[in-house]
Amino acid sequence: MKFKQIFVTVCLFGYAYAYTQSDLLSAQYTYQSSSDAVTKAKDEKKSAADALDKARKNLSDAQKNLQKAQDELKDAQTKYNNAEVDLNKKNSDFSSANLKLNQIWNSLNPQTTPGK
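Numbering that gives the first Met the number 0 numbers the first residue of the sequence shown as 0 and each following residue consecutively.
As structure tokens, then:
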């Protein structure tokens, strides 16, 4: 009977050891799986952060380009307005000069009435 008790005890210890080893292997697998998931999530976060940085840089560049274009538009509008004012002044000066020329011409060449 002593052998039987020793055999049962050894079997119980063996079963308990096998059970704990099974739990340990399961826990190790879960740990490794979780560790892999965390690593993957960190990589995705880094990739997303890089994409966000790139998008922010592109936005900043676009805003600079927009500001430059707005400044160029403002300059072009100012030049256009100045040119329009200058054109109106030159047209006015031309009209005055043309009127004076016509007055001088008419005084030098008086018109005769038709039919005379």
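All C-beta atoms in this analysis are idealised placements derived from N, C-alpha and C, irrespective of residue type, glycine included. A quick note: this is a predicted structure, and the numbers were derived from the prediction, not measured.
Report the three-state DSSP secondary structure of residue i (helix, strand or coil).
{"i": "residue 57", "result": "helix"}
{"i": "residue 81", "result": "helix"}
{"i": "residue 110", "result": "coil"}
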